[in-house]
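Chemist: Shown below is the structure under consideration.
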Amino acid sequence: MRRRFELAFNLTRPAFTVGDGLILLLVAALLYIGVRLAVNAPASVAGPTISLSPSALPWYAFLSTGRMAIAYLFSLLFTLGYGYLAARNRTAEKVLMPLLDVLQSVPILSFLPVVLLSLTAILPQRFAIELSAIILIVTSQAWNMTYSFYQSMKTIPTELREASAIFRLNSWLRFKTMEVPFAAMGLIWNSMMSWAGGWFFLMASEIFTVGSRDFRLPGLGSYLQTAANQGNIPAILLGLATLVLVIILLDQLVWRPILTWANKFKVEMVESDTPPESWFYDVLSRSWLLEQFSRKFWHPLTERIDAFMARRFKAEQLIGPKASGHPSVAAILISIAVILGLIYLAIQAIGLLATLSLAEWLHIAGGVLATLIRVAIALAIALAWTVPVGVAIGSSRRLANVLQPIVQVVASIPATALFPVIVLALIHITGSLDVPAVILMLLGTQWYLLFNVIAGTSAIPQDLNYTTELLQVKSWSRWRTLVLPALFPYLITGMITAGGGAWNASIVAEYIHFGGQTFSAIGVGALIAEATSSGSYAQLLGSTLALIFTARTINRVVWRRVYKVPEEGCWMGWRVAH
């Protein structure tokens, strides 16, 4: 055990590598391209009028749910492809995981104006706004799903890998019958969290103002944002009631049936006494039309896909990651050309950053430090309550049946809709935005941890629970020998994604506009929001890169090293040393 932690926290290994430098160059270059395209965007954009009439809510709910569904589909495809490649190929892992750390650290609200203005410069305006909204929702959904799938791929039990080798499963069948089913429970719970995160940032993605450009789309997010800006409390409550209704319907008709179906993939030798249940799943399982659809269409389709994949992949025996060969000359030349292009764009970005004075850079540094303190406080508070509550929900089916929809509803309510009202009261009490900012960051952070803790607890095999009961292992001993080891990889995934969520939430937490008044706190989130509102692209680029650099440093120095502990332990995360 001690040796494993020494390996994980090897301080002699450099915190940053050449690959990290190239990734930061890539991000700076992409942001610079977006800024240059933004210059060619329409000088003035007037968005459509958002009606606050109750009759508009059903249509707005349909539009927002459609955007969320499309974004989730793209996020799921990204998760399966990206996570699989990062987990199965060591060479790709060295590039993809640091890149993922950077991507999940990029604040959605600082990336939004770049995406919006870039797309409106080259695409029809309405299509560009719709596409950018979907892209931005993807950035709030994809990262925690990808981390969850990657973590599951890296902690597949050796017994399952050996069984797939004995049966000589090709890559496709191994992916379909072992890897995805093993990752299903964590992936489903993180999918719920992704939808909650999507709802949280829906207001920002459906209505956004950059200088004189007013981008907006009809939907629940724009309805709530318009109501909040006007201080229309009845409209806010009506919009939230509609959102809650949509979330409850999704829980009953989508997530609960999927969890019931996925319970069969749980790795255990004894079936649970209280398996998850779903009335809608029971209805579907007895449906004659669904049975005919499965027999005449779905099963033949999957058989054809299996046959096609079998021809593409030869049967192979593979327990560990593939060893990659040497790159070809063409690949090397293309890589050199891409790197030279990125360096050129990065130099141009550096020229834009050079317009910032030393005082402005010091101001950005102070803002990063202030936001970092708030992020740390929010994570500590979240960790303190989500572990016991998540374990209670995940280990009790009756409690889960009651609290699961409540948790989804509370996690999905955009705190930015109600927060301005709370801010006014808290500012009168505290005299500043510092405490309210921590509260809003907590609201955007804690759910990543809670959903991962629930997923980790739900994945504990029932036979291990019976064993601890038989041996009368109770209280702290049970937590030390079973619960915490099982939760460890899920906690790390939750902390990484929660940290990214906290940095993202800082932009809406440190800069509040409500009822014609603007409140701000010292922090890099406030700097990004102010730069976005004023169109100061140099400050926007500098603040965003400073935020990314800080979040990336934390992930690299702390979380990526801790991640190695469960990879070297047993399937539950580590081996407890007695």
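Those letters in the sequence shown? Residues 1028 to 1605, by my numbering.
Where a beta carbon is used, it is the ideal one built from N, C-alpha and C, also for glycine.
#1: Indicate, with yes or no, if the ligand GDP has a heavy atom lying under 7 angstroms from the CB of W1315.
#2: Return the chain-ordered list of same chain residues with a C-beta closer than 6 angstroms to the C-beta of I1161, the five sequence neighbours on each side being excluded.
#3: Tell whether a beta-carbon distance below 8 angstroms holds between G1552 and I1534.
#4: Between the alpha carbons of R1201 and S1191, how many angstroms are there, rounded?
#5: Could you check whether the stretch 1201-1217 touches the stretch 1496-1515, counting it as contact only if at least three pairs of C-beta atoms, one from each stretch, sit closer than 8 angstroms?
#6: When the Cα of G1110 is compared with those of W1170, R1243, V1271, N1256, which residue comes out closest?
#7: Three Cβ pairs or more, each shorter than 8 angstroms: is that satisfied between the stretch 1471-1483 and the stretch 1407-1419?
#8: Between P1488 and E1186, what straight-line distance do the alpha-carbon atoms span, to the nearest angstrom?
#9: Flag this pair as yes or no: are the beta carbons of F1228 and L1127 separated by less than 8 angstroms?
#10: Assess contact between the stretch 1462-1473 and the stretch 1249-1269, defined as three or more Cβ pairs (one per stretch) separated by less than 8 angstroms. Is contact present?
#11: For G1394, which of D1490, A1409, S1504, E1537 has the nearest alpha-carbon?
#12: Could you give the distance in angstroms between the alpha-carbon of S1221 and the alpha-carbon of S1080?
#13: Could you name the residues of the same chain whose beta carbon sits closer than 8 angstroms to that of I1215, not counting the 5 residues immediately before and after it, in chain order?
#14: Cα-Cα, which of A1565, I1275, L1372, F1324 is closest to V1436?
#15: Does the separation of the CB atoms of S1175 and G1213 fall below 8 angstroms?
#16: With distances taken between CB atoms, is the gap from A1269 to A1427 smaller than 8 angstroms?
#17: Can you give the beta carbon distance from S1570 to I1581, rounded, assuming they're within the 8 angstroms contact cut?
#18: Would you check if the distance between the CB atom of W1530 and the CB atom of A1578 is smaller than 8 angstroms?
#19: Tell me the DSSP secondary structure of T1545 in three-state form.
#20: Considering only the alpha carbon of each residue, which of R1425, A1254, G1246 lies closest to V1273?
#21: Quick test of your reading: G1526 and V1402, contact by CB under 8 angstroms. State the CB separation rounded to the nearest angstrom.
#22: So what does Y1538 bridge to, in DSSP terms?
#23: Measuring alpha carbon to alpha carbon, tell me which of S1422, I1234, Q1499 ends up nearest E1157.
#24: Taking C-beta to C-beta, are T1398 and G1550 nearer than 8 angstroms?
#25: Would you tell me roughly how many angstroms separate the C-alpha atoms of V1310 and R1424, rounded to the nearest one?
#26: If you draw a straight line from the C-alpha of Q1344 to the C-alpha of F1194, how long is it?
#27: Suppose the cutoff is 6 angstroms on Cβ atoms and the five residues either side in sequence are ignored; what does the same chain contact list for F1253 look like?
#28: Quick check: F1105 and T1182, are their CB atoms within less than 8 angstroms of each other?
#29: What three-state label does DSSP hand S1533 in the structure shown?
#30: Are the CB atoms of G1421 and T1494 nearer to each other than 8 angstroms?
Modeler: With the structure as the only source:
#1: Because no ligand of any kind appears in the structure shown, any question about the ligand GDP cannot be addressed here.
#2: Translated into positions along the sequence shown, residue 1161 becomes position 134. Same-chain partners within the cutoff: R1094, I1097, A1098.
#3: Numbered from its first residue, the sequence shown carries residue 1552 at position 525. Numbered from its first residue, the sequence shown carries residue 1534 at position 507. It is a contact, given that the beta carbons lie within the stated cut-off.
#4: Here residue 1201 is taken as the residue at index 174 of the sequence shown, counted from 1. Here residue 1191 is taken as the residue at index 164 of the sequence shown, counted from 1. Roughly 7 angstroms separates the two Cα atoms.
#5: As far as the Cβ criterion goes, the stretch 1201-1217 does not touch the stretch 1496-1515, which means the pair count is below three.
#6: Counting from one through the sequence shown, the residue named residue 1110 turns up at place 83. Ranking W1170, R1243, V1271, N1256 by Cα distance to G1110 puts W1170 first.
#7: Output reads yes: the stretch 1407-1419 touches the stretch 1471-1483.
#8: For the purposes of this step, residue 1488 is identified with residue 461 of the sequence shown, where counting begins at 1. For the purposes of this step, residue 1186 is identified with residue 159 of the sequence shown, where counting begins at 1. Rounded to the nearest whole angstrom, the CA to CA distance from P1488 to E1186 is 15 angstroms.
#9: Reading the sequence shown from its first residue, position 201 is the one you call residue 1228. Reading the sequence shown from its first residue, position 100 is the one you call residue 1127. Contact: no.
#10: Taking a cut-off of 8 angstroms on C-beta distances, the stretch 1462-1473 does not touch the stretch 1249-1269, as fewer than three cross pairs fall below it.
#11: One-based indexing of the sequence shown puts residue 1394 at position 367. When the alpha-carbon of G1394 is set against those of D1490, A1409, S1504, E1537, the nearest one is in E1537.
#12: Taking the sequence shown and counting its residues from 1, one reaches residue 1221 at position 194. Taking the sequence shown and counting its residues from 1, one reaches residue 1080 at position 53. Straight across, the Cα-Cα distance linking S1221 with S1080 is about 29 angstroms.
#13: For the purposes of this step, residue 1215 is taken as residue 188 along the sequence shown, with counting starting at 1. Taking C-beta separations shorter than 8 angstroms and ignoring five residues to either side along the sequence, the partners of I1215 in its chain run W1282, I1285, L1286, A1289, A1482, following chain order.
#14: As a first step, residue 1436 is located in the sequence shown; it is residue number 409 there, counting from the start. Out of A1565, I1275, L1372, F1324, I1275 has the C-alpha closest to the C-alpha of V1436.
#15: Position 148 of the sequence shown, counting from 1, holds the residue named residue 1175. Position 186 of the sequence shown, counting from 1, holds the residue named residue 1213. For the 8 angstroms CB-CB criterion, S1175 and G1213 form a contact.
#16: Numbered from its first residue, the sequence shown carries residue 1269 at position 242. Numbered from its first residue, the sequence shown carries residue 1427 at position 400. The sequence as given places Thr at residue 1269; Ala does not occur at that position. Their beta carbons are not under 8 angstroms apart, which means T1269 does not touch A1427 by this criterion.
#17: Along the sequence shown, read from residue 1 onward, the residue named residue 1570 stands at position 543. Along the sequence shown, read from residue 1 onward, the residue named residue 1581 stands at position 554. With 8 angstroms as the limit, S1570 and I1581 do not qualify as a contact, their Cβ atoms being about 17 angstroms apart.
#18: Counting from one through the sequence shown, the residue named residue 1530 turns up at place 503. Counting from one through the sequence shown, the residue named residue 1578 turns up at place 551. Cβ atoms of W1530 and A1578: closer than 8 angstroms.
#19: Stepping through the sequence shown from its first residue, residue 1545 is reached at position 518. Strand, per DSSP.
#20: By one-based count along the sequence shown, residue 1273 stands at place 246. Ranked by how close their Cα comes to the Cα of V1273, the residues R1425, A1254, G1246 have G1246 in first place.
#21: On the sequence shown, residue 1526 is found 499 positions in, with the first residue counted as 1. On the sequence shown, residue 1402 is found 375 positions in, with the first residue counted as 1. Their Cβ separation, rounded to whole angstroms, is 7 angstroms, which keeps G1526 and V1402 in contact under 8 angstroms.
#22: For the purposes of this step, residue 1538 is taken as residue 511 along the sequence shown, with counting starting at 1. Partner(s): S1547.
#23: Working through the sequence shown from its first residue, we reach residue 1157 at position 130. With distances taken between Cα atoms, E1157 lies closest to I1234.
#24: Position 371 of the sequence shown, counted from the first residue, corresponds to residue 1398. Position 523 of the sequence shown, counted from the first residue, corresponds to residue 1550. Taking a C-beta distance under 8 angstroms as the contact criterion, T1398 and G1550 qualify as a contact pair.
#25: Looking up residue 1310 in the sequence shown gives position 283. Looking up residue 1424 in the sequence shown gives position 397. Each residue's CA atom was taken as its position, placing V1310 and R1424 some 20 angstroms apart.
#26: Translated into the one-based positions of the sequence shown, residue 1344 becomes position 317. Translated into the one-based positions of the sequence shown, residue 1194 becomes position 167. Unreliable positioning characterises Q1344 in this predicted model, as indicated by a pLDDT of 42, which lies under 50. The coordinate reading is nonetheless provided below. Their Cα atoms are separated by approximately 9 angstroms.
#27: Against the sequence shown, residue 1253 aligns to sequence position 226. The sequence shown places Thr at residue 1253, not Phe. Its chain contains I1077 as the residues whose beta carbon lies nearer than 6 angstroms to that of T1253, once the 5 sequence neighbours on both sides are disregarded; these appear in chain order.
#28: The sequence position of residue 1105 within the sequence shown is 78, counting from 1. The sequence position of residue 1182 within the sequence shown is 155, counting from 1. Between F1105 and T1182, the C-beta gap is not smaller than 8 angstroms, which leaves the two residues out of contact.
#29: Taking the sequence shown and counting its residues from 1, one reaches residue 1533 at position 506. Note: S1533 maps to helix in three-state DSSP.
#30: For the purposes of this step, residue 1421 is taken as residue 394 along the sequence shown, with counting starting at 1. For the purposes of this step, residue 1494 is taken as residue 467 along the sequence shown, with counting starting at 1. No, these two residues do not count as a Cβ contact at 8 angstroms.
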